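Participant: Supplied in structure tokens, the structure appears directly below.
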Amino acid sequence: MHRELKLPLTRILKTVLSYSAMAVLGMILSSKMIEMLLAARSSELEPLSLLKDSLMMLACILLLGLVWQQLLHRDIPRNNLSGYGKKLGGLFSVLAAFILIFSVASIIYRVNTAEEIHEARMQAIVDLKMRQISDWLKEREGDAALLQTSDINAALYQHWHTDPGKKTLLLQRLEQFNKIKGFQASSLLDSEGNLLWSSAQLPPHPALQITLQQAIRTQKIQRFGPYLNTLGQPSLDFIAPLNIKDGPAPFIILHSNPANWLFPALETQPVPSQTSDTVLFRQEGDQILFLNKPRFSKEPALTTKIAISKPLLASRFLSNKLPFNAMLRGRDYRNEKVMGIGRAVPDTDWYLICKMDQSEIYDEIIKDAIWISLVGLLALFMARASYVMLRQQEQLVLAANARQLQNERSQAVKLFSNIADNSEDAIFAKDMQGRYILINRAASRFVAQSVSDLLGKSDHDIFPPEQAEMLVKTGRIAIDNGIVLTQEETLDLPDGQHVFLATKGPLYDEKGKIIGLFGVSRDITERKQAEIVLRENEERFRAIVEQSLAGIYIIQRHRLNYVNPGFARIFAWDDADTLINMGDIGHLISAEDQERVHQLIRLAESGEISDVHFYFTGVRQDHELIDIEFYGRKVDDKGHPALIGLILDITERKSVEQTLTQQSEELRQRNAELERFNAAMVDRELDMIELKRQIKALSHPNTTIPSDDLSGTTP
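Per UniProt numbering, the sequence shown starts with residue 1, numbered consecutively.
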């Protein structure tokens, strides 16, 4: 039963002000939390902060409205306040502990994240500086190699003592080279290391002889330094022994000042920082010499030395065998606590350390830890205020969710039922005992039983024993192994034997526990019968092709892709596979027909002619020549043009044809002779008849015979 509550104005104001203060504090702290976690610029956070503040305002308004609705229109039984307060206190204690643990974990995570970020940043800086140093050294050594391999310089030096003009030209070339390549100076030493010339009047360093001897021995570019020259400037020398064919080789020394580019490059920090520093150093006996000028040191380059026995960061790096890119902690030359990463510079005795003061890292972390703590306190306050309302609405929400879930399940079951009943495939589900708990109309039609009669039955109640045992076994395999199986199943049904493509798998409940088996079976009987017919036709066709006396072939890309045994027999090969593996058809064609046959086959494969029919002289394996009649047609084989057809061995036919032609010619000649003979005989008979007529005429005295007839010649 509900009743309206009448609240005083002071309680209304207290409630409104409390939620307003909570909203304002939430917006401020959440803005700081977003800025801290995302670590983005303020311009990038403005849209996100605006959206967050709007959602916070909307949430507070809705929360306030719900609270007032509960206060004004809901009657809270007084006799339940005590028990409810105890439960609320216990739950709030658990939630408070969780918030505290989460706040501490967030602070620890922030500390670890900050250290990892700075470590990754320093690793990137070390990698960058190492590349800069290596590239600079390689560039300088490449410049020295140009002088070393210059035949012109070597030729000019050979006339150093004899030709002043060439000596001057050599010195001019060296000075011009210094200007172009940016070297501080250059010097020329003889093979004994004595100074012949120096552009800056720099005498050789006393310890240079060892490096000169190494350059003579290796004939490679050598480095010396860096060191302070007589002018008090840093100098790194690149020694290049000239390639002199005759006589001892002199040395060209290129003096490079690292302070012009290398040291400023090391001082440049890619990421702004108040305390980050990059130091290049080397070990000299029991001391460490800083090659460049440290950021916070007043001493110039190559003048700061510290004892290696001091527990500083550089000393720890030299003494400890640490993994690659390992983070070091210690004190630097200022006695400040720092953390950094060191690396040995390849092919040198130098070491590089990128470091940063620990105070810079942890000052930022301390500020973030304070904000995280404030956010945790705000979370405790909001949890306390929100839990009251959540407790009051719990039952309503649960009831609404239950109704919604029930509706969704009902709709899902209805949808699945419609899909299953309208499917032509058999869809079913079994429990762990193998009894059908779901079956669609298609499955019931296959076994000629109603759905209601099939529910609760097992495979042994529906199918023959052997087939039922097979179904049970495959279902058990799917359940025991937790897998989905797909296989063909042959079942005896009322209308005859059917073949199904069945997919079965374990059926899970909401908790992921296997509660049965599901399956979908598709009737593929017609497809299997079609496959059988296709296979029989294919076997019949293959038998015809394999047993054919004619040679059947498939040519693709101008190579034999298939030949039948008849083709191999025509060319006296025992095995058709040997011809297929060889591929090339050129060895089967006589030399005089090679070009013509290849041209016709290429035209057919390209589609310029669709059918080909020609004759050529073939070559058997035993090198015997045979006459071949060739038929072919262009087809598409697996997406590529091919030529398919047959060949016939017409050697015997041509031999018979030649024999018949020869006999026909002989008969024609005999007929011609006979015709000439017959013509002569006819003429003789006609002459005899005429003679007889004349003789008969002579036997009559009154008959006059022309003189020309009497003078004719009788054959």
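The beta-carbon is built from N, C-alpha and C at its ideal position, and this holds for glycine as well. Given the structure is predicted, the values throughout are model-derived calculations rather than measurements.
#1: Out of L501, E538 and R527, which one is the CA nearest neighbour of S521?
#2: Would you say residue 730 and L491 are within 9 angstroms of each other, going by their C-beta atoms?
#3: Go ahead and pull the three-state DSSP assignment for N561.
#4: For A326, which of helix, strand or coil comes out of DSSP?
#5: Closer than 8 angstroms: is that where the CB of P294 sits relative to any heavy atom of the ligand COA?
#6: Within its chain, find whatever has a CB closer than 7 angstroms to the CB of Q126; leave out the 5 residues flanking it on each side and keep chain order.
#7: How would you call M688, buried or exposed, if buried means at least 16 neighbouring beta carbons within 10 angstroms?
#8: Quick one, are the C-beta atoms of I372 and S103 less than 9 angstroms apart?
#9: Count the other C-beta atoms from every protein chain shown that fall within 10 angstroms of the C-beta of A697, then say buried if there are 16 or more, exposed otherwise.
#10: Would you identify the three-state DSSP class for Y84, choosing helix, strand or coil?
#11: For F296, count the other beta carbons within 10 Å of its own beta carbon; 16 or more makes it buried, fewer makes it exposed. Which is it?
#12: Count the other CB atoms, across all protein chains shown, that sit within 10 Å of the CB of F98; report buried if there are 16 or more and exposed otherwise.
#13: Whole alpha helix (DSSP H) runs in the segment 560-599 with 4 or more residues, listed along the chain?
#14: Have a look at the DSSP bridge pairing and note the partners of H613.
#15: Which residues in the same chain have their Cβ closer than 6 angstroms to the Cβ of G632, if we skip the five residues on either side of it in sequence?
#16: Helix, strand or coil, according to DSSP, for V104 in the structure here?
#17: Sorted by chain position, which residues of the same chain lie with C-beta nearer than 7 angstroms to I524's C-beta, five sequence neighbours on each side aside?
#18: Closest to I370 by C-alpha separation, out of I108, P641, Q621 and L534, would be which residue?
#19: In or out: G182 buried (at least 16 other Cβ within 10 Å) or exposed?
#20: Provide the residue(s) that pair with T230 in DSSP beta bridges, ordered along the chain.
#21: Identify whether S655 lies in helix, strand or coil by the three-state DSSP scheme.
#22: Please state whether DSSP places F281 in a helix, a strand or coil.
#23: Identify whether Y333 lies in helix, strand or coil by the three-state DSSP scheme.
#24: Y200 by DSSP, collapsed to three states: which one?
#25: Do T211 and I244 have their C-beta atoms within less than 9 angstroms of each other?
#26: Quick check on this structure: which residue in E592, D593 and A568 has the alpha carbon closest to the alpha carbon of N581?
#27: Secondary structure at V520, three-state DSSP: helix, strand or coil?
#28: Alpha carbon to alpha carbon, what distance is there between S134 and F281?
#29: So is N260 buried or exposed if we call it buried at 16+ other beta carbons inside 10 Å?
#30: Three-state secondary structure (DSSP) at E44?
#31: What are the boundary residues of the alpha helix (DSSP H) that includes V451?
#32: Taking the beta carbon of F630 as the centre, do at least 16 other beta carbons fall within 10 Å, making it buried, or is it exposed?
#33: Please confirm whether F287 and T278 have their CB atoms less than 9 angstroms apart.
#34: For I647, collect the residues of the same chain with a Cβ closer than 6 angstroms to its Cβ; drop the 5 residues on either side in sequence, then sort them by chain order.
#35: Pop quiz: N292 and F263 are said to be a contact at Cβ under 8 angstroms. What is the actual Cβ separation, rounded to whole angstroms?
#36: So, under 8 angstroms CB-CB, L312 and G330 are touching, yes? Tell me the CB distance rounded to an integer number of Å.
Facilitator: The relevant details are as follows:
#1: Among L501, E538 and R527, the Cα nearest to that of S521 is on L501.
#2: The displayed coordinates of the chain run from 1 to 715. Any statement about residue 730 would go beyond what the structure contains.
#3: Note: N561 maps to strand in three-state DSSP.
#4: Coil at A326, not helix or strand.
#5: Ligands in the displayed structure: none, and consequently the ligand COA is not present.
#6: The sequence shown places Val at residue 126, rather than the Gln named in the question. Excluding the 5 residues flanking it on each side, V126 has same chain C-beta neighbours closer than 7 angstroms at I341, R343, L352 and C354, in chain order.
#7: Answer is exposed; the Cβ neighbour count stays below 16.
#8: Yes. Within cutoff.
#9: A697 counts as exposed, since fewer than 16 other C-beta atoms from the protein chains shown sit within 10 angstroms of its C-beta.
#10: Below a pLDDT of 50, predicted positions are generally treated as unreliable, and Y84, at 46, falls in that range; the measurement from the model is reported next regardless. Here DSSP, grouped into helix, strand and coil, assigns Y84 to helix.
#11: Counting the other Cβ atoms within 10 Å of the Cβ of F296 gives fewer than 16, which makes it exposed.
#12: Taking all protein chains shown into account, F98 has fewer than 16 neighbouring C-beta atoms within 10 Å of its C-beta and is therefore exposed.
#13: Within the segment 560-599, the alpha helix (DSSP H) runs of at least 4 residues that lie entirely inside it are, in chain order, 565-570 and 576-582.
#14: H613 is bridged by DSSP to Y631.
#15: Within the same chain, G632 has close Cβ partners A604, V612, L643 and G645.
#16: Correct three-state label for V104: helix.
#17: Around I524: V499, F500 and L501.
#18: That would be I108, whose Cα lies nearest to the Cα of I370.
#19: Under this definition G182 is an exposed residue.
#20: According to DSSP, T230 bridges with nothing at all.
#21: S655 falls in the helix class under three-state DSSP.
#22: It is a strand residue.
#23: Coil, per DSSP.
#24: Checking the sequence shown, residue 200 turns out to be Ala, not Tyr. Residue state for A200 is assigned as coil, using DSSP reduced to three classes.
#25: Result no, Cβ atoms of T211 and I244 do not sit closer than 9 angstroms.
#26: Considering only alpha carbons, the answer is A568.
#27: Correct three-state label for V520: strand.
#28: Each residue's CA atom was taken as its position, placing F281 and S134 some 15 angstroms apart.
#29: Exposed: under 16 other Cβ atoms inside 10 Å.
#30: Reliability of the predicted coordinates at E44 is poor, the pLDDT of 47 falling under 50, and the value obtained from them is presented with this limitation in mind. In the structure shown, the three-state DSSP call for E44 is helix.
#31: Counted as a single uninterrupted DSSP element, the alpha helix (DSSP H) harbouring V451 occupies residues V451 to L454.
#32: It is buried - the Cβ of F630 has at least 16 other Cβ atoms within 10 Å.
#33: First, the residue type needs correcting, since residue 287 is Gln and not Phe in the sequence shown. No, the Cβ-Cβ distance between Q287 and T278 is not below 9 angstroms.
#34: For I647, the CB contacts under 6 angstroms within the same chain, skipping 5 residues up- and downstream, are G551, I628 and F630 in chain order.
#35: With a beta-carbon spacing of about 4 angstroms, N292 and F263 fall inside the 8 angstroms limit used to define contacts.
#36: Confirmed, Cβ separation roughly 6 angstroms.
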